[in-house]
Amino acid sequence: MEDRRTRIIQAAVRLFRERGFHQVSVRNIIKEADVSNGCFYHYFTTKDELLFAINEFVMDYVLVKAQEVLRQHKTPVEKLHGIISGFMSTFYRYHDAVVVMYRENHYLAPEYYQKMRQKRDLYYRIVMDVLAEGVAKKEFRPFEPLSIVAFMIFGMVNWLYTWYEPEGCLSIEALRDRYIDFIFHALLTEEAKRNPLYRSYFLPPALSS
2 MEDRRTRIIQ AAVRLFRERG FHQVSVRNII KEADVSNGCF YHYFTTKDEL LFAINEFVMD
62 YVLVKAQEVL RQHKTPVEKL HGIISGFMST FYRYHDAVVV MYRENHYLAP EYYQKMRQKR
122 DLYYRIVMDV LAEGVAKKEF RPFEPLSIVA FMIFGMVNWL YTWYEPEGCL SIEALRDRYI
182 DFIFHALLTE EAKRNPLYRS YFLPPALSS
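Final position of the sequence shown in our numbering is 210; the numbers increase by one with none missing.
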């Protein structure tokens, strides 16, 4: 992103997080970003478009990370581990933007909401394909319908934004390890759990008990 455009987006993220979308005016954003009116309208026609840009940035980042995981890993367990890890790391790296995306997305104009829905659907299909591959290769238990597993994972991770604080008692890595341990104990077949390749995905008994 161009530097001034980035400044505008970062300013909007801060203000939307602090006050909420409807309590922030374009004038507020221009002042916070220290840019001119002309500069703002060079990059964004409306405040709605700016909210979409924040949503799009986060979702595109998550999708890119997921595609990287699919290219880099071979087994379904490794892929799912990478996808969950990438999603959770996004919460840490772009915490305020993620909060804005989840909390304010219902204010998106219909055309922008539809675009975001398409991106979310793509991410859902990626996860479903990995889950289906895992069942076919007998690494994941055959839950019916399999979509329930995807929704449970999304539910666990998506709600992080309501309570996770980067400065809290657990690092994002420690929290990720606990999520993975919990999910994989429920999802993996007994044979997959015994695979030495996946041993590092489970917590030592002292931490998981």
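Built from N, CA and C at the ideal position, the CB exists for glycine as well. Model, not experiment: these values are computed from the prediction.
To which residues of the same chain is residue i closer than 6 Å at the C-beta, ignoring the five residues directly before and after it?
| i | result |
| --- | --- |
| Val101 | Val14, Phe17, Arg18, Ile55 |
| Gly135 | Pro77, Phe141 |
| Lys66 | Gly87 |
Please state whether DSSP places residue i in a helix, a strand or coil.
| i | result |
| --- | --- |
| Phe141 | strand |
| Leu147 | coil |
| His204 | For clarity, residue 204 is Leu in the given sequence; the question names His instead. If DSSP states are grouped into helix, strand and coil, Leu204 belongs with coil. |
| Leu171 | coil |
| Leu109 | coil |
| Met2 | Note on Met2: pLDDT 45, under 50, position unreliable in the model; no value is reported. |
| Thr190 | coil |
Alpha carbons only, please: which of the options is nearest the one belonging to residue i?
| i | options | result |
| --- | --- | --- |
| Ile84 | Thr47, Asn29, Tyr180, Ala98 | Tyr180 |
| Thr7 | Pro197, Leu51, His23, Lys138 | Leu51 |
| Gly169 | Pro111, Lys194, Tyr93, Ala110 | Tyr93 |
In chain order, what residues of the same chain have a beta carbon less than 8 Å from the beta carbon of residue i, not counting five sequence neighbours either side?
| i | result |
| --- | --- |
| Ala151 | Tyr125, Val128, Met129, Leu132 |
| Gln73 | Gly83 |
| Leu189 | Val78, Glu140, Phe141, Arg142, Tyr199 |
| Val25 | Ala13, Leu16, Phe17, Lys48 |
| Gln11 | Ala34 |
| Met89 | Val158, Leu161, Ile173, Leu176, Arg177, Tyr180 |
Whole-angstrom Cβ separation of residue i and residue j, contact assumed at under 8 Å?
| i | j | result |
| --- | --- | --- |
| Ile9 | Tyr44 | 6 Å |
| Phe185 | Tyr113 | About 36 Å; that fails the 8 Å criterion. |
| Asp182 | Phe155 | That belief does not hold up - the Cβ atoms of Asp182 and Phe155 are roughly 18 Å apart, past 8 Å. |
| Val59 | Tyr95 | 6 Å |
Terminal residues of the continuous alpha helix (DSSP H) containing residue i?
| i | result |
| --- | --- |
| Pro77 | 77 to 94 |
| Glu166 | Per DSSP, Glu166 belongs to no alpha helix (DSSP H) and is neither H nor E. |
| Asp61 | 48 to 73 |
| Asn196 | From DSSP, Asn196 is part of no alpha helix (DSSP H); its letter is neither H nor E. |
| Phe41 | 38 to 44 |
Excluding five sequence neighbours on each side, which residues of the same chain lie with their C-beta closer than 7 Å to the C-beta of residue i?
| i | result |
| --- | --- |
| Asn38 | Ile31 |
| Val70 | Lys80, Gly83, Ile84, Gly87 |
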